[in-house]
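A quick write-up on the structure given underneath.
Protein chains in written order, with the numbering used here: chain V, 1 to 284; chain C, 1001 to 1393.
Here you go:
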């Protein structure tokens, strides 16, 4: 797999809250053009890992590299030095700490969606996507206020319309974002993430709360996004059908620890994964 | 395409309406004499425009960016003082700074007035007003650095505290050479002295100037709110986490909004000094912030035209319509025992309670005037058509 370019790489990411290790020594990589899934039973630490990658949380230890350059890096400091329960505590101790806010990571090309949909409620569908374009502006505060940026604004509006056509929401563009049915809100959230022109799209449980039919539609939709935008995608998911259908590779975590990784076929037959999902009978 | 033309037409209509309003104010300024009974209308327009600008600038922060700040009176104070200090003419300076040796010895209206004549005086006033806004914005930046890390109620408490501290500092004796201590500043370029000589006739501008300042500033705020930055502000208000995840730098944008809002608060403070002809720190109590907040809530949080309407209604009611409640006679009823000092506030509080209970979203909600009027017109236009259709059956 070395011939493919590395988009995202996690080295020994550990996330500890007080005495609880939510993510333990997680290392993984996502290569260009791949769809990679991160799965695990409830409370396994998937969303925590996601938040540590996107800058919402500061990982306790470990490094995240994006497009070959380190973007997030930390090692146990202060009080955490004594409390730290994970491994590799010394590995990054001499490297400078990197702790960017989420917007800096988005500016680099990481765009995400949320498990519980977070659209801007009072804004129209069109404006929701248009606001995401704000990041790409070249105009400053004054030129924007006094309309010195007409050409840019015009271009952005056209791009938004184009994007809405691709995701099939152009007929509801003037409606309030929250008035859309659930499935369309999901699609809008993905469109909003795509509007930032990302190099990596990160989907946090895109099929959460969807019925089987909606899930099928979403599966097709994600596949289409991949081919149309030549997008690299990392997704967290519960729905096994969706994951097995579209993923190139799968990482499985349980209690914060990586227990398996490989192609869908390998994962489906992995005894540890089956145990994690179905439980192991205790010999009492 | 049709959309674009419709927006263009709407913008044109709005522009014409605003210009017509300004012309009307200018005309009223000439027609109504100080002895007339309608003179109250001019007072209301003067004070109302000051408060309208203050309310709109507060709405930019509270209604559009979702930062609940209660420091407005403090920033208006800074604006009022900056304007006053930099426009006191040199011969009046010693009578104003009775107990101190004035430290600031520049007066922009006088300086430029001497160099360029009448136009220079106007330019000097403009510079002083802009300076008032800028100084308020600089203070806002410094206060914002620690305070904007806070959220909702905590931010409100912190900004309220800062406003009170500013008021105390401006009354501090040690700063007397600049702020005249707890004494008031007066004799600076003020509304009642603004006149325009046009070929022999003298036009009074005492109402036109504050209205013009408010109109221009509110127009700029409208432009800002509808720009890409304004949309980013709304995104922060609606969902901060999502805004940050979509690449909007929270710290930067909150600071931008805070400083802009305080800039216009400073300008409205300057314009208040112009209208009242005095600047005194004691006037800018937190009660003033609550009044402004009330106008914003009354008009509708997140609606600029709502804030303007709220401010005008509030000022009309408190200065004009309900004045009789304090002075013995109201609506022809003469009852000096009931209608005496303070009764106005009782009635006022009751009205406010009714509004807050039954019109919770304010007069306009989060809609704007053109939209509301457009809907009304359309409904009106479609009604006869319906009747006709029924008649044909």
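C-beta: ideal position from N, C-alpha, C; glycine also.
- For the region 1200 to 1228 of chain C, residues whose beta-carbon sits nearer than 8 Å to a beta-carbon of chain V comprise 1220, 1223, 1224, 1227, 1228.
- The alpha carbon of residue 131/V has as its nearest neighbour, out of 140/V, 156/V, 147/V, the alpha carbon of 156/V.
- Setting aside the 5 residues that flank it on each side, residue 1257/C is surrounded in the same chain by 1060, 1061, 1065, 1067, 1233, each with a C-beta closer than 7 Å to its C-beta; the list follows chain order.
- Secondary structure note for residue 212/V: its alpha helix (DSSP H) is the uninterrupted segment 212 to 229.
- Considering only 259/V, 225/V, 216/V, the residue with the shortest C-alpha distance to residue 243/V is 216/V.
- By alpha-carbon distance to residue 1207/C, the top candidate from 1302/C, 1031/C, 1016/C is 1031/C.
- For residue 141/V, the C-beta contacts it makes with chain C under 7 Å involve 1229, 1256, in order along the chain.
- According to the DSSP assignment, residue 7/V belongs to no alpha helix (DSSP H) but to the beta strand (DSSP E) extending over 6 to 17.
- Between the region 1095 to 1110 of chain C and the region 1236 to 1254 of chain C there are fewer than three C-beta pairs closer than 8 Å, too few to call the two in contact.
- Listed in chain order, the alpha helix (DSSP H) elements of length 4 or more contained wholly in the region 1283 to 1352 of chain C are 1286 to 1299, 1304 to 1316, 1324 to 1327.
- Going by DSSP, residue 1114/C is part of the alpha helix (DSSP H) stretching over 1108 to 1116.
- Per DSSP, reduced to three states, the secondary structure at residue 56/V is coil, with no helix or strand assignment.
- Taking 8 Å as the CB threshold, residue 1245/C lines the interface with chain V.
- Distances from the alpha-carbon of residue 1124/C to those of 1168/C, 1113/C, 1253/C put 1113/C closest.
- Boundaries of the alpha helix (DSSP H) around residue 1047/C: 1039 to 1059.
- By the rule that beta-carbons nearer than 8 Å mark a contact, residue 32/V does not touch chain C.
- By the C-beta density criterion, residue 192/V is buried, having at least 16 other C-beta atoms within 10 angstroms.
- Looking from the CA of residue 1053/C, the closest CA among 1201/C, 1271/C, 1333/C belongs to 1271/C.
- Residue 17/V and residue 138/V have their C-alpha atoms spaced approximately 39 Å apart.
- Taking a beta-carbon distance threshold of 8 Å, residue 1153/C does not count as an interface residue toward chain V.
- Relative to residue 1319/C, the option among 1224/C, 1026/C, 1043/C whose CA is nearest is 1043/C.
- Within its own chain, the residues whose Cβ lies closer than 8 Å to the Cβ of residue 1254/C, once the five positions on either side in sequence are excluded, are 1065, 1067, 1144, 1148, 1236, listed in chain order.
- Interface annotation for the region 1136 to 1165 of chain C against chain V: empty, criterion Cβ-Cβ distance under 7 Å.
- An exposed status is given to residue 1090/C, since fewer than 16 other beta-carbon atoms sit within 10 Å of its beta-carbon.
- Between residue 1116/C and residue 1083/C, the alpha-carbon positions lie close to 20 Å from each other.
- The alpha-carbon separation between residue 249/V and residue 190/V amounts to approximately 21 Å.
- Apart from the 5 residues on each side of it in sequence, residue 246/V sits with its Cβ closer than 7 Å to the Cβ of 35, 219, 222, 223 in its chain, given in chain order.
- By the beta-carbon neighbour count (other beta carbons within 10 angstroms, threshold 16), residue 75/V is buried.
- Contact of residue 121/V with chain C by beta-carbon distance below 9 Å involves 1238, 1239.
- Between the region 208 to 215 of chain V and the region 231 to 243 of chain V there are three or more inter-stretch CB-CB distances shorter than 8 Å, so the stretches are counted as touching.
- Under the Cβ distance rule, residue 175/V does not count among the residues neighbouring chain C, no pair being separated by less than 8 Å.
- Straight-line measurement puts the Cα of residue 126/V at about 9 Å from the Cα of residue 169/V.
- Interface flag for residue 228/V against chain C is unset, since no Cβ pair is found closer than 8 Å.
- With respect to chain C, the C-beta atom of residue 263/V has no partner C-beta closer than 8 Å.
- Ranked by how close their Cα comes to the Cα of residue 265/V, the residues 258/V, 274/V, 257/V have 274/V in first place.
- Using beta-carbon distances, residue 1375/C does not count as an interface residue toward chain V, since no partner is under 8 Å.
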